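Working notes for the structure below.
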Amino acid sequence: MATSNQNNQEMPNAHLHELFVDELKDVLGAEKQLLKGLKKMSKAAESEELRQAFDEHYSQTEGQIERLKEVFSSLGKAARGKKCKAMEGLLEEADEIIESFEGDPALDAALISAAQKVEHYEIASYGCLVTYAKLMEHTEVEELLQQTLDEEKQTDTLLTEIAMSGVNESAS
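Written out as structure tokens, the structure reads:
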């Protein structure tokens with residue numbers, strides 16, 4: 355620990371650096387876990403529009419993982435994720451929804467609910483990371499993380515639009 359503090363002494367708010375790197379590892383792990391979950395949710399979705407949204411977010415998530423690798427590289431760190439217990443729980447809940455609502459008209463509405471919980475977790479995670487990067491004046495890293503945060507917010511909005519365009523009504 356002493357060496358990381360010595361290396362970061364000149365960085366503003368250097369006390370956040372270790373937390374920042376730990377959170378980056380967590381979100382990298384979460385994104386990798388999410389890839390599997392998105393495949394399952396896409397397969398289970400009945401609405402073609404929802405299936406397409408899951409497939410698009412899968413591709414977007416692959417890009418977000420690459421962006422996180424850039425962030426790690428920019429910080430001089432190896433891009434190693436760790437198992438994200440929060441994402442694990444959210445994806446377990448999505449699996450339960452798929453099992454419980456298979457063949458039910460409410461399946462797509464339930465999938466959207468599960469997916470939005472994932473998005474809100476990611477929005478919270480990336481929001482914190484953007485703030486930490488800003489406070490430590492990691493401008494390039496801040497921009498990369500902001501790009502991902504914006505994508506997560508757009509996905510959340512898209513899921514709401516799909517829900518409101520008929521998925522929720524057809525579930526009633």
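Mapping the sequence shown onto the numbering used here, position 27 (from 1) lands on 381, and the numbers just tick up by one.
Each residue gets a CB set at the ideal place from its N, CA and C atoms; glycine is no exception.
From a predicted model like this one, the values you see are computed outputs, not experimental measurements.
- Membership of LEU489 in the alpha helix (DSSP H) is indicated by the continuous run 461 to 489.
- DSSP places GLY391 inside the alpha helix (DSSP H), whose first and last residues are 371 to 398.
- The alpha-carbon of LEU465 is positioned some 10 Å away from that of LEU513.
- In the displayed model, HIS411 falls within a helix according to three-state DSSP.
- Distances from the CA of SER427 to each of LEU498, GLU402, MET395 were compared; the closest alpha carbon is that of LEU498.
- HIS371 and SER413 have their C-alpha atoms some 30 Å from each other.
- The residue among GLN418, VAL472, LEU389 with its C-alpha nearest the C-alpha of ASP409 is LEU389.
- With contacts defined by Cβ atoms closer than 8 Å, GLU450 and ASP510 do not form a contacting pair.
- In this structure, DSSP gives ASP458 a state outside helix and strand, which the three-state scheme calls coil.
- In the structure shown, SER519 falls within a helical segment according to DSSP collapsed to helix, strand and coil.
- Restricting attention to GLY443, PRO459, MET518, the CA atom closest to the CA of ALA384 is found in GLY443.
- Annotated three-state conformation of MET441 is helix, per DSSP.
- Measuring C-alpha to C-alpha distances from GLN500 to each of LEU483, LEU489, GLU456 identifies LEU483 as the nearest.
- When only Cα atoms are considered, GLY417 and LYS423 end up about 10 Å apart.
- Separation of the CB atoms of LYS394 and ILE452 is rounded to 7 Å, and the pair is thereby assigned contact status at 8 Å.
- For LYS431, same chain residues with a beta-carbon under 7 Å away, outside a window of 5 residues either side, are VAL375 in chain order.
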